[in-house]
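A.B. asks:
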Amino acid sequence: MATAIETELLSVKQTATLLGLAERTVWRYANSGRLPAPLRLSSRAVRWRRRDLLAWLDKGCPDLSRARMRP
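Shown next, in the form of structure tokens:
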């Protein structure tokens, strides 16, 4: 059975805090496919699974490491 932390859904603000990013950056990364896909609960409610984000961090943020950095 999954624990509460494994199934916790995070808002964009909570996701930004967890990742140390600005909310706008979270949206940019999500829209470009750099972050794990969020769940769309409704047209205005979007949430990320905490466990997906933690697993992504454990893998070293693979999509970000391949991202082209601007000078």
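All residue numbers for the sequence shown refer to the working numbering, where the first residue is 113 and numbers rise by one.
Ideal Cβ positions, reconstructed from N, Cα and C, are used throughout, including at glycine.
1) Once DSSP output is grouped into helix, strand and coil, what is the label at L131?
2) W160 bridges to which residues according to DSSP?
3) Rounded to the nearest angstrom, what separates G132 and L122 at their Cα positions?
4) Looking only at DSSP bridge pairs, what is L151 linked to?
5) Mind reading off the beta-carbon distance from L147 to V138? Whole number of angstroms is fine, and I expect it under 8 Å.
6) With DSSP collapsed to three states, give me the class of R136.
7) Give me, in chain order, the residues of the same chain whose beta-carbon lies closer than 6 Å to that of T127; leave out the 5 immediate sequence neighbours on both sides.
C.D. replies: Reading off the structure:
1) As a first step, residue 131 must be located in the sequence shown, where it is residue number 19. In this structure, L131 counts as helix in the three-state DSSP scheme.
2) The count along the sequence shown starts at 1 and reaches residue 160 at position 48. BP columns for W160 point to L122.
3) Numbered from 1 along the sequence shown, position 20 holds the residue referred to as residue 132. Numbered from 1 along the sequence shown, position 10 holds the residue referred to as residue 122. Computed Cα separation, rounded: 14 Å.
4) The residue labelled residue 151 in the question sits at position 39 within the sequence shown. DSSP output for L151 lists R159 as bridge partner(s).
5) One-based indexing of the sequence shown puts residue 147 at position 35. One-based indexing of the sequence shown puts residue 138 at position 26. Indeed they touch by this definition, with Cβ atoms about 7 Å apart.
6) Mapped onto the sequence shown, residue 136 falls at position 24. Helix.
7) Position 15 of the sequence shown holds residue 127. Taken in chain order, the residues that qualify are V138 and W160.
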